[in-house]
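Residue numbers (the numbering used here): 1 to 186.
Every residue gets a Cβ at the ideal spot worked out from N, C-alpha and C, and that includes glycine.
Everything numeric in this text was worked out from a predicted model, so none of it was measured.
Written out below as structure tokens is the structure these notes cover.
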Amino acid sequence: MKKTSIIKNIVIGIIFVLIIVTAILVFLKFFNLNKLHPSVKSTFSRVPFLKNNITSQQLSETEKNQKVFEEEKKRMEHEWIEINKQKQDLRTMESELVKKQTELEALEKQLEVEKEKLETQLNNIKELAQYYELMEARNAADILENMEDEFLIQLFRNMKKEVVSDILSNLDSKKAASITRRMSGI
């Protein structure tokens, strides 16, 4: 009886161990070992046939993470290239703006010089107009007879109308007609 009882106990122990091993294998088959608590994972990784399962799952997770990391790295490198290109474009536009601003300032100075020159000419013409207004019409006509029409037109526009009509009447008729036509814009 003792022998049968010992054999029974051994068989029960073997069955119990087989049930536990089967339960563990089923658990490992259907569950992701990487999601286990680190202490449990560490214990399972010591078991030779489980170590490969854990390592392959870890490798696939690592490969996924590595792939995601590489894609993100490429995306960021592309963005940096775009940012650097935009920075270069901005620098180019800024230098062009500075160049245009310099050109505009030079033109502004040139216009200011021209404006002063024209104002001086206008003041000179007004002053000359006053001199000719004080002369006798015949003497003024004799002097102005040899002047260019454009100059005479500018001069006459700055004189009193009565004086201009007296001078025109003393000029050569062709010259007077030409000046009159040009003053009217015809």
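Counted as a single uninterrupted DSSP element, the alpha helix (DSSP H) harbouring Lys161 occupies residues Lys161 to Asn170. Between the segment 123-142 and the segment 152-172 there are three or more inter-stretch CB-CB distances shorter than 8 Å, so the stretches are counted as touching. Remark: C-beta atoms of Ile179 and Ala137 do not approach each other more closely than 7 Å.
Sixteen is the threshold: when 16 or more other Cβ atoms of the shown chains lie within 10 Å of the Cβ of Leu152, as they do, the residue is buried. Per DSSP, reduced to three states, the secondary structure at Asn146 is coil, with no helix or strand assignment. For Met183, the enclosing alpha helix (DSSP H) covers residues Ser173 to Ser184.
Counting only residues of its own chain and dropping the five nearest sequence neighbours on each side, Glu162 has no CB closer than 7 Å to any other CB. In this structure, the beta-carbon distance from Ile125 to Gln101 does not fall below 7 Å. By the 16-neighbour rule on beta-carbons within 10 angstroms, Val21 is exposed.
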